[in-house]
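Participant: Reading the sequence shown from the start, the letters are residues 290 to 417 in our numbering.
Here a beta-carbon is modelled for each residue, glycine too, at the ideal position from N, C-alpha and C.
First the structure, which I've put down as structure tokens, then a few questions once you've had a look.
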Amino acid sequence: MTHHLPIRVYYEDTDMAGIVYHANYLKYIERARSDWVRGLGLDQNAMQAAGQVFVVRRIEADYLAPARLDDELQVQTDITKVSGVRLLLDQQVLRGEQLLFRAAVTVVLLNQSGSVARLPAIIRQISG
């Protein structure tokens with residue numbers, strides 16, 4: 290199950306060299322994860338009100354090529370592995386067919402006390 294989110298690079302995304310500032314790739318992939326969760330029918334506001342929040346536990350990122358002002362990018366999210374409490378994702382930022390950025394992301398769900406909780410059933414049922 291691959292999720293795609295289009296992103297356009299704006300001036301605010303770039304640094305003095307005219308390329309996308311490295312931290313903004315993390316924002317792009319966060320938007321894609323939030324959009325994916327919304328597409329599953331999960332309401333993150335309702336989850337938060339119930340004391341549950343998704344958090345990134347680990348990211349391993351590779352910056353492969355720069356994106357520039359006005360580029361049309363695609364953030365692609367693929368599930369690598371799902372367990373009861375952990376979700377592993379492969380997220381890529383592409384310009385056309387060119388891979389610019391790739392991250393292996395581990396996501397967990399925290400409860401009100403800050404302890405790791407079981408992922409929602411709809412996510413646990415997804416086979417990666």
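1. Given residue 305, which residues of its chain have a CB within under 7 angstroms of its CB, disregarding the five upstream and five downstream residues?
2. Among residues of its own chain, excluding the 5 on either side of residue 401, which ones have a beta-carbon nearer than 6 angstroms to its beta-carbon?
3. So the candidates are 381, 333, 355; which of them puts its Cα closest to the Cα of residue 409?
4. Are the beta-carbon atoms belonging to residue 307 and residue 358 less than 8 angstroms from one another?
5. For the alpha helix (DSSP H) that residue 335 lies in, which residues bound it at each end?
6. Within the same chain, show all residues whose beta-carbon is closer than 7 angstroms to that of residue 298, passing over the 5 residues directly before and after it, in chain order.
7. Identify, in the order they occur along the chain, each residue of the same chain with its Cβ nearer than 6 angstroms to the Cβ of residue 417, setting aside the five sequence neighbours on each side.
8. With 16 as the cutoff for other CB atoms within 10 Å, does residue 397 come out buried or exposed?
9. For residue 349 and residue 380, what's the separation of their Cα atoms in angstroms?
10. Rounded to the nearest angstrom, what separates residue 415 and residue 353 at their Cα positions?
11. Mind checking residue 312: buried by the 16 CB within 10 Å criterion, or exposed?
Facilitator: According to the structure shown:
1. Here the question's residue 305 lines up with position 16 in the sequence shown. Same-chain partners within the cutoff: there are none.
2. As a position in the sequence shown, residue 401 is number 112, starting the count at 1. Excluding positions up to five away in sequence, the list reads 340.
3. For the purposes of this step, residue 409 is taken as the residue at position 120 of the sequence shown. Ranking 381, 333, 355 by Cα distance to residue 409 puts 333 first.
4. Translated into positions along the sequence shown, residue 307 becomes position 18. Translated into positions along the sequence shown, residue 358 becomes position 69. Result yes, Cβ atoms of residue 307 and residue 358 sit closer than 8 angstroms.
5. Counting from 1 along the sequence shown, the entry for residue 335 is found at position 46. Taken as a continuous stretch (DSSP letters only), the alpha helix (DSSP H) holding residue 335 covers 333-338.
6. Position 9 of the sequence shown holds residue 298. Same-chain partners within the cutoff: 309, 356, 357, 358, 359, 360, 362.
7. To locate residue 417, count along the sequence shown from 1; it is residue 128. Note that residue 417 scores 45 on pLDDT, short of 50, meaning its location in the model is unreliable and no value can be drawn from it.
8. Sequence index remark: in the sequence shown, residue 397 carries index 108 (1-based). Residue 397 comes out buried.
9. Here residue 349 is taken as the residue at index 60 of the sequence shown, counted from 1. Here residue 380 is taken as the residue at index 91 of the sequence shown, counted from 1. Computed Cα separation, rounded: 10 angstroms.
10. Here residue 415 corresponds to residue number 126 of the sequence shown, with the count starting at 1. Here residue 353 corresponds to residue number 64 of the sequence shown, with the count starting at 1. Their Cα atoms are separated by approximately 29 angstroms.
11. In the sequence shown, residue 312 corresponds to position 23, counting from 1. Result: exposed.
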